[in-house]
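Novice: Pasting in a structure now, in structure tokens, and then I'll have a few things to ask.
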Amino acid sequence: MRKCRDRRLSAGSFQHLGFDIPAFQHFGISRRRLWPGRAYWRAYQAATRSWYSPRLEFRLPFRSGPLCPLFVFQGCRLVDVTTETRLERVRTVAERVAGSCGLDIFDIQLRRESSGWVLRVVIDRPQQRDADGAVVVETPEQSIGIEDCQRVSTDLSTIFDVEDVLDHAYTLEVSSPGLDRPLRHADDYRRFSGRLVKLVVPAGVEGQTHFEGRIAGVEDEAVILQVGRRKERRIPLVAISRARLEVEF
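Residue numbers (my numbering): 4 to 252.
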């Protein structure tokens, strides 16, 4: 990048961007006061284009203002504060609605796609425990049904409209984790004991990185996987990067 200089700029400027930009804390209203030289305007154009390109990262000492209302420059990464704030508000409402239905929130995603904003809410049943505190193995009949998704979707849509949680048009999708749901914690393996699962272990166990077998249990922070009829493998939980149940017919 060719270095641009402007004789009108002060000595206390930032040169690590390839531009000489004086230090200031917040955007003002007058563009003439903010952008006295070409270097300013080029930096502003590059910064606003970087929202859609994760490769363009800047370290600038100011926060969002009238000319840049959607972003904050945090460290050297451009962060969309508005989306994060919206997602927190959505999660708070979704957890309240799911709790009233006796359900949990498994995952929430708010993304802007070609068709517009899409809000995906994944609901799940809370883990059941017996009198001794052990996780109860879940049967397929206890999984999330269409009625559960419809009820949560209706309640969420109503509350979102009343409380004005999202200030833009969106498409709401409520679903279950699915038959091939991911497993994240040790209790998930206990909950689905006896089910067929596929595991990915990047570091490898005995030279193998991909495993498929039935969950036999969890002991000493390791999953006991039954491979074949007699063979068992112990795979540390910390070594597993991805785990999903396999659909059986």
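All residues carry an ideal CB built from backbone N, CA and C; glycine is no exception.
Predicted model, so just to flag it, every value in this text is computed and none were measured.
Is the CB-CB distance between isoleucine 243 and leucine 182 below 7 Å?
Specialist: One-based indexing of the sequence shown puts residue 243 at position 240. One-based indexing of the sequence shown puts residue 182 at position 179. No, the pair does not count as a contact, with Cβ atoms beyond the cut-off.
Novice: Can you name the start and end residues of the beta strand (DSSP E) that serine 156 belongs to?
Specialist: For the purposes of this step, residue 156 is taken as residue 153 along the sequence shown, with counting starting at 1. Element bounds for serine 156: not the beta strand (DSSP E) but the alpha helix (DSSP H), 149-166.
Novice: If we ignore side chains and look at the alpha-carbon of each, how far apart do serine 118 and leucine 175 end up?
Specialist: Along the sequence shown, one-based indexing puts residue 118 at 115. Along the sequence shown, one-based indexing puts residue 175 at 172. When rounded, the distance between both Cα atoms is 12 Å.
Novice: Mind checking whether leucine 248 and arginine 198 have CB atoms under 7 Å apart?
Specialist: Taking the first residue of the sequence shown as 1, we reach residue 248 at position 245. Taking the first residue of the sequence shown as 1, we reach residue 198 at position 195. Cβ atoms of leucine 248 and arginine 198: closer than 7 Å.
Novice: Look at serine 103 and isoleucine 147 and say whether their C-beta atoms are less than 7 Å apart.
Specialist: Position 100 of the sequence shown holds residue 103. Position 144 of the sequence shown holds residue 147. No, these two residues do not count as a Cβ contact at 7 Å.
Novice: Going by Cα to Cα distance, which pick from Arg232, Ala97, Arg128, Ala137 is closest to threonine 157?
Specialist: As a first step, residue 157 must be located in the sequence shown, where it is residue number 154. Measuring from the Cα of threonine 157, the nearest candidate turns out to be Ala97.
Novice: So, helix, strand or coil for serine 103, using DSSP?
Specialist: Counting from 1 along the sequence shown, the entry for residue 103 is found at position 100. Helix, per DSSP.
Novice: Starting from arginine 236, trace the beta strand (DSSP E) both ways and give me its first and last residue.
Specialist: To locate residue 236, count along the sequence shown from 1; it is residue 233. Arginine 236 -> beta strand (DSSP E) spans 234-239.
Novice: With 16 as the cutoff for other CB atoms within 10 Å, does arginine 233 come out buried or exposed?
Specialist: If you number the sequence shown from 1, residue 233 lands on position 230. That one is exposed.
Novice: Is the stretch 122-133 touching the stretch 104-113, taking contact as three or more C-beta pairs under 8 Å?
Specialist: Judged by Cβ distances under 8 Å, the stretch 122-133 makes contact with the stretch 104-113, as three or more pairs qualify.
Novice: Assign valine 96 to one of three DSSP states: helix, strand, or coil.
Specialist: Numbered from its first residue, the sequence shown carries residue 96 at position 93. Helix.
Novice: According to DSSP, which residues form a beta bridge with alanine 242?
Specialist: Counting from 1 along the sequence shown, the entry for residue 242 is found at position 239. The partner list for alanine 242 (beta bridge, DSSP) is empty, contrary to what the question assumes.
Novice: Which residue comes first and which comes last in the beta strand (DSSP E) that contains arginine 217?
Specialist: On the sequence shown, position 214 is the one that residue 217 refers to. Here the beta strand (DSSP E) through arginine 217 covers 211-222.
Novice: If you reduce the DSSP assignment to three classes, tell me which class valine 250 lands in.
Specialist: The residue you call residue 250 lines up with position 247 of the sequence shown. In this structure, valine 250 counts as coil in the three-state DSSP scheme.
Novice: Could you give the distance in angstroms between the alpha-carbon of proline 205 and the alpha-carbon of valine 221?
Specialist: Residue 205 sits at position 202 when you count from the first residue of the sequence shown. Residue 221 sits at position 218 when you count from the first residue of the sequence shown. Distance between the alpha carbons of proline 205 and valine 221: 20 Å.
Novice: Would the beta-carbon of proline 239 fall within 7 Å of that of alanine 219?
Specialist: Taking the sequence shown and counting its residues from 1, the one referred to as residue 239 is at position 236. Taking the sequence shown and counting its residues from 1, the one referred to as residue 219 is at position 216. No, the Cβ-Cβ distance between proline 239 and alanine 219 is not below 7 Å.
Novice: Apart from the five residues just before and just after isoleucine 162, which ones in its own chain have a Cβ nearer than 6 Å to its Cβ?
Specialist: On the sequence shown, position 159 is the one that residue 162 refers to. Excluding positions up to five away in sequence, the list reads Val96.
Novice: CB valine 155 to CB aspartate 190, shorter than 7 Å?
Specialist: Numbered from its first residue, the sequence shown carries residue 155 at position 152. Numbered from its first residue, the sequence shown carries residue 190 at position 187. No.
Novice: Between which two residues does the beta strand (DSSP E) holding arginine 123 run?
Specialist: Within the sequence shown, the letter at position 120 stands for residue 123. It spans 119-127 - the beta strand (DSSP E) in which arginine 123 sits, taken as one unbroken run.
Novice: Within 10 Å of its beta-carbon, does aspartate 151 have 16 or more other beta-carbons around it, so buried, or fewer, so exposed?
Specialist: Here residue 151 refers to the residue found at position 148 when the sequence shown is read from its first residue. Counting Cβ neighbours within 10 Å, aspartate 151 comes out buried, since at least 16 surround it.
Novice: Nearest-angstrom Cα distance between alanine 134 and serine 196?
Specialist: What you label residue 134 is simply residue 131 of the sequence shown in a count that begins at 1. What you label residue 196 is simply residue 193 of the sequence shown in a count that begins at 1. The alpha-carbon atoms of alanine 134 and serine 196 are separated by roughly 18 Å.
Novice: In this structure, how does DSSP classify leucine 199 when only helix, strand and coil are distinguished?
Specialist: As a first step, residue 199 is located in the sequence shown; it is residue number 196 there, counting from the start. Three-state DSSP puts leucine 199 in a strand.
Novice: Just the C-alpha distance for tyrosine 192 and glutamate 91, rounded to the nearest angstrom, thanks.
Specialist: Here the question's residue 192 lines up with position 189 in the sequence shown. Here the question's residue 91 lines up with position 88 in the sequence shown. Tyrosine 192 and glutamate 91: Cα-Cα distance of roughly 28 Å.
Novice: Reducing DSSP to helix, strand and coil, say where aspartate 110 ends up.
Specialist: Along the sequence shown, read from residue 1 onward, the residue named residue 110 stands at position 107. Aspartate 110: strand per DSSP, three-state reduction.
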